[in-house]
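Note that the sequence shown covers residues 1 to 58 in the numbering used here. For glycine and all other residues, C-beta sits at the position ideal for the given N, C-alpha and C.
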Amino acid sequence: MGFSLKGSVYYGEYKCSGPGANATGRVQWARLLSDHEAKPFIGPYYIDGDAWLTSQTL
Numbered sequence: 001m002g003f004s005l006k007g008s009v010y011y012g013e014y015k016c017s018g019p020g021a022n023a024t025g026r027v028q029w030a031r032l033l034s035d036h037e038a039k040p041f042i043g044p045y046y047i048d049g050d051a052w053l054t055s056q057t058l
């Protein structure tokens with residue numbers, strides 16, 4: 001790869017658990033988000049879910 005993703009990609013994790021949560025091999029600039037940092041990303045509004053999710057899928 002001839003360019004760095006560090007300046008153009010945000011890599012954050014929030015309360016991850018299970019086998020895939022092992023951070024070994026993650027990029028050094030990955031972040032574990034606090035509740036406050038994760039809040040803007042939590043909820044169907046982040047993915048425009050009101051447009052395609054029904055109340056039964058939430």
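Alpha-carbon spacing of residue i relative to residue j, whole angstroms
| i | j | result |
| --- | --- | --- |
| aspartate 50 | phenylalanine 41 | 15 Å |
| glutamine 25 | valine 9 | For the record, residue 25 in the displayed sequence is glycine; it is not glutamine. If you take the alpha carbons of glycine 25 and valine 9, they lie about 17 Å apart. |
| glycine 20 | arginine 31 | 15 Å |
| tryptophan 29 | alanine 23 | 12 Å |
| tyrosine 46 | serine 17 | 22 Å |
| histidine 36 | aspartate 48 | 21 Å |
Secondary structure of residue i, DSSP reduced to three states
| i | result |
| --- | --- |
| glycine 12 | strand |
Cβ neighbours of residue i in the same chain (closer than 6 Å, five flanking residues each side left out)
| i | result |
| --- | --- |
| glycine 12 | Arg31 and Leu33 |
| tyrosine 14 | Leu33 and Ala38 |
Beta bridge counterpart(s) of residue i as assigned by DSSP
| i | result |
| --- | --- |
| arginine 26 | Answer is none; arginine 26 lacks a bridge partner. |
| leucine 32 | Glu13 |
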